[in-house]
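**Q** Structure below; questions to follow.
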Amino acid sequence: MPIMPKRTGYKTITLICAFLALPVGVHAEEEIDADAWFGDWSVFIDSGDCWLASHPIDMSQQAIEDVTLFVAFHQRSMNSEISVLFECGLVDVSDVEVTLDSKAYSLNVYEDTAFTSASENTEILKKMLLAKQTSISFSTLAETFNDLAIGYGGFRDAYNFTNEHCGFFKNNDLDGDQKREPI
């Protein structure tokens, strides 16, 4: 029986490939799964619901990936729902506020998500479309987080993409500027 030559380096190549693949997998878990990206904002469409999402940033300009601000349009409705999702150990969240243009909006917390009042959603979305300064503050059992900023790079483009791809009509009542609304 012939003796097969020993394959040298096979295990080494396998280990190198495994280590090269590892950073890609870790990086993918940190991002919002999206159909499209527009600057700070992602858009995804799922079973008739259309979502815009962004992570707030802290004072050192680092994204807080455990917190996500959502603007949702359920069942292709132009009526928005604004919410904040808390993940990865942020438990017992309370005192959630979104501040836009110096006005604070208190959010109601249900499990891991805080929701704005339905009567305030259009007002909040109008201010967001005008890129008014926005921050999120909240408390957990361990600490208080103040003034996490929301960036607006790409927000209007994300909104227009959602408007176009979700099949609802433009809403000129949001900011009164028909030139900036999608065609």
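In terms of mature numbering (1 follows the signal peptide of the UniProt record, and there is no 0), the sequence shown is residues -28 to -1, 1 to 155. Don't be surprised by glycine CBs; every beta carbon is placed ideally from N, CA and C. The structure displayed is predicted, hence computed values, not measured ones.
Please report how far the alpha carbon of methionine 50 lies from the alpha carbon of alanine 76, in whole angstroms.
**A** Working through the sequence shown from its first residue, we reach residue 50 at position 78. Working through the sequence shown from its first residue, we reach residue 76 at position 104. Approximately 23 Å, taken between the alpha carbons.
**Q** DSSP on residue 174, reduced to helix/strand/coil?
**A** Residue numbering for the chain in the displayed model covers -28 to 155; residue 174 lies beyond these limits and cannot be assessed.
**Q** Using the Cα positions of aspartate 84 and serine 52, report the straight-line distance between them to the nearest angstrom.
**A** Walking along the sequence shown from the start, residue 84 turns up at place 112. Walking along the sequence shown from the start, residue 52 turns up at place 80. Aspartate 84 and serine 52: Cα-Cα distance of roughly 19 Å.
**Q** The beta strand (DSSP E) with leucine 120 in it runs from where to where?
**A** As a first step, residue 120 is located in the sequence shown; it is residue number 148 there, counting from the start. Start and end: 116 to 121.
**Q** From the DSSP output, which residues share a beta bridge with serine 111?
**A** Numbered from 1 along the sequence shown, position 139 holds the residue referred to as residue 111. Ser66 and Thr116, per the DSSP bridge assignment.
**Q** Can you check whether the CB of isoleucine 54 is closer than 7 Å to the CB of isoleucine 96?
**A** As a working note, residue 96 is residue 124 in the sequence shown. As a working note, residue 54 is residue 82 in the sequence shown. For isoleucine 96 and isoleucine 54, yes; Cβs fall inside 7 Å.
**Q** Note down, in chain order, each residue of its chain lying with its Cβ closer than 6 Å to the Cβ of valine 43, except the 5 sequence neighbours on either side.
**A** The count along the sequence shown starts at 1 and reaches residue 43 at position 71. Correct list, in chain order: Leu24, Ser52 and Ile54.
**Q** Does alanine 6 come out as helix, strand or coil in the three-state DSSP assignment?
**A** Mapped onto the sequence shown, residue 6 falls at position 34. DSSP places alanine 6 outside both helix and strand once states are collapsed to three, so it counts as coil.
**Q** Output yes or no for whether 7 Å exceeds the beta carbon distance between valine 68 and alanine 90.
**A** Locating residue 68 in the sequence shown gives position 96, where the first residue counts as 1. Locating residue 90 in the sequence shown gives position 118, where the first residue counts as 1. Not in contact: valine 68 and alanine 90 (Cβ atoms no closer than 7 Å).
**Q** If I follow the unbroken alpha helix (DSSP H) through aspartate 129, where does it start and stop?
**A** Along the sequence shown, one-based indexing puts residue 129 at 157. Residues 127 to 137.
**Q** Looking at C-alpha atoms only, which residue of Asp119, Thr112 and Asp21 is the closest neighbour of phenylalanine 45?
**A** Indexing the sequence shown from 1 puts residue 45 at position 73. Closest in alpha carbon position to phenylalanine 45, among Asp119, Thr112 and Asp21, is Asp21.
**Q** CB-CB under 7 Å to cysteine 138, same chain, minus the five flanking residues each way: which ones, in chain order?
**A** As a first step, residue 138 must be located in the sequence shown, where it is residue number 166. Counting only Cβ-Cβ distances below 7 Å, and skipping sequence neighbours, we find Ile17, Cys22, Phe45 and Arg48.
**Q** Kindly indicate which residue of Gln34, Val56, Gly11 and Gln33 has the alpha-carbon position closest to the one of asparagine 93.
**A** By one-based count along the sequence shown, residue 93 stands at place 121. The residue among Gln34, Val56, Gly11 and Gln33 with its C-alpha nearest the C-alpha of asparagine 93 is Val56.
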